[in-house]
Amino acid sequence: MSAVAFKPTGKTKIRRLAKRAVWDRETVFGVLDAGLACHVGYVVDGQPYVTPTAYARIGERVVWHGSSASRMLRRLAEGVPVCFTVSLLDGIVHARSGFHSSFNYRSVMAFGTAEEILDKDEKAAALEAIVERITPGRWADLRPMTGQELKATKVLSLRLEEVACKIRDGGPSDDEADYDLPIWAGEVPIRLVAGEPLDDARLKPGIPRPAYLKDTRLG
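Here it is as structure tokens:
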């Protein structure tokens, strides 16, 4: 992994509350590795689209997948510019005014042109990374993908070169005069929690729940 920080560009320079901008790779990659879903924005024939999907980071790039019949993936594979975003909500910030109320969050936005992964081994490795990102150990339990399934799945890759990260944490920042008001202010932390696993209705008797379910990564 390169230790060089990302550099702001015309697209990624943080102008609003620039003190929340983060450029070091370790922090940016930490946010990406904590997310479960991304949103991919792109324009096709003048119409903007934003598509949510699962993803994983592999070194200096992110990968995501979908159906080979997907219009979005077909067009992105042709070289349409994309905006890739991940947002994590960490808390509600209650200030003494609506104007200063906010969220605590971690967010990453990346710009570039996606490339389709065509090599079969690299494609399979990317799909494994997506599965393992969510539940480590799951891939080894799954039956192998068939050739038809691999053919029906398109995998795209975006190199992380033009990237911005913005993070907010801590309590409210009120106007000085508002601190004397008799209004409660503070934070309500938010975290994603996995519930108790539910067995499939057609699960064969005697199959135990895998121990790795407890390692599901939720950010």
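Counting in our numbering, the sequence shown runs without a single skipped number right up to 1317 at its last residue. Every residue, glycine too, gets a C-beta built ideally from N, C-alpha and C.
Mapping DSSP to helix, strand and coil, what is residue i?
i: L1130; result: helix
i: E1079; result: It is not possible to answer for residue 1079, since the shown part of the chain is limited to 1099 through 1317.
i: T1314; result: coil
i: T1125; result: helix
Can you check whether the C-beta of residue i is within less than 8 Å of a C-beta belonging to chain D?
i: S1199; result: The structure shown contains no chain D; it holds only a single protein chain.
Closer than 8 Å by C-beta to residue i: which residues in its own chain qualify, once you throw out the five before and the five after it? Chain order, please.
i: V1129; result: V1184, L1186, R1204, S1205, V1206, C1263, I1265
i: I1281; result: R1194
Under 6 Å Cβ to Cβ from residue i, same chain only, skipping five residues before and after it: list those, please.
i: F1127; result: none
i: G1139; result: V1148, C1181
i: M1099; result: In this predicted model, M1099 has a pLDDT of only 44, less than 50, meaning its place in the structure is not dependable enough to derive any value.
i: P1150; result: A1135, H1137
For residue i, collect the residues of the same chain with a Cβ closer than 7 Å to its Cβ; drop the 5 residues on either side in sequence, then sort them by chain order.
i: I1156; result: A1224, A1227
i: R1257; result: E1158, R1159, G1210
I need the straight-line Cα distance from residue i to residue j, nearest angstrom please.
i: R1173; j: V1142; result: 8 Å
i: L1115; j: A1132; result: 23 Å
i: T1107; j: E1158; result: 18 Å
i: D1272; j: F1201; result: 14 Å
i: M1170; j: K1221; result: 18 Å
i: L1216; j: Y1277; result: 59 Å
i: K1312; j: D1239; result: 15 Å
*asked:* For the stretch 1221-1237 against the stretch 1285-1299, do three or more pairs of beta-carbon atoms, one drawn from each stretch, fall closer than 8 Å, so that the two count as touching?
replied: no
*asked:* Quick check: the stretch 1280-1291 against the stretch 1189-1197, are at least 3 beta-carbon pairs closer than 8 Å?
replied: yes
*Please determine if the stretch 1206-1216 and the stretch 1254-1262 are in contact, where contact requires at least 3 C-beta pairs separated by less than 8 Å.*
yes
*Sequence ranges, beta strand (DSSP E) only - wholly within the stretch 1221-1258, length at least 3*: 1251-1257
*Complete runs of the alpha helix (DSSP H) confined to the stretch 1150-1178 [at least 4 residues]*: 1169-1175
*Any contact of the stretch 1217-1225 with the stretch 1239-1259, i.e. 3+ C-beta pairs under 8 Å?*
yes
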